[in-house]
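Heads up: the structure comes next, in structure tokens.
Numbering (UniProt numbering), first residue to last: 1 to 121.
This is the structure in structure tokens:
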């Protein structure tokens, strides 16, 4: 689970550039908080024998600019402004974090892109 979450969090972190408003330590603090919160959120919803069970629960989303509650909680914990998240994260993002697979889609009708896939499973 931590491998998949790490790929997802690194992807999201790359979308937020370092700047005067987002120094490296603030972005890293957000990524650390997000990793911990996603691990807690997925703990009871991670089934390696049936990877797609709970798929919707494990999706991290930003629909019409509305941020996923875990993204918001991590930002609040790290002291990262909601304005930063709203500015840099895509408005319509779905990030699926499943056992052995991490993928995303931006906008409803676009293609799905894989960030991580363990084909040995």
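Cβ atoms here follow ideal geometry from the backbone N, Cα and C, with glycine treated the same way. This structure is a prediction, so every number in the text was calculated from the model and none was measured.
Evaluate residue i with the Cβ neighbour count: other Cβ atoms within 10 Å of its Cβ, from every protein chain shown; 16 or more gives buried, anything less gives exposed.
i, result
"residue 63", "exposed"
"residue 33", "buried"
Kindly indicate which residue of the options has the alpha-carbon position closest to the one of residue i.
i, options, result
"residue 118", "106, 110, 111 and 97", "97"
"residue 94", "20, 121, 16 and 68", "68"
"residue 84", "26, 2 and 6", "26"
"residue 113", "13, 82 and 101", "101"
"residue 54", "90, 19 and 46", "46"
"residue 30", "49, 56, 44 and 10", "10"
"residue 52", "71, 80 and 103", "103"
"residue 1", "36, 73, 20 and 79", "36"
Which residues share a DSSP beta bridge with residue i?
i, result
"residue 114", "103"
Assuming the contact rule is C-beta atoms closer than 8 Å, residue i and residue j should be a hit. Round their C-beta distance to whole Å, please.
i, j, result
"residue 88", "residue 15", "5 Å"
"residue 66", "residue 42", "That pair is no contact at about 21 Å."
Where are the alpha helix (DSSP H) runs, 4 residues long or more, that stay fully inside the UniProt domain "Anti-proliferative protein" (1-109), in chain order? 2-15, 24-42, 69-78 and 82-88
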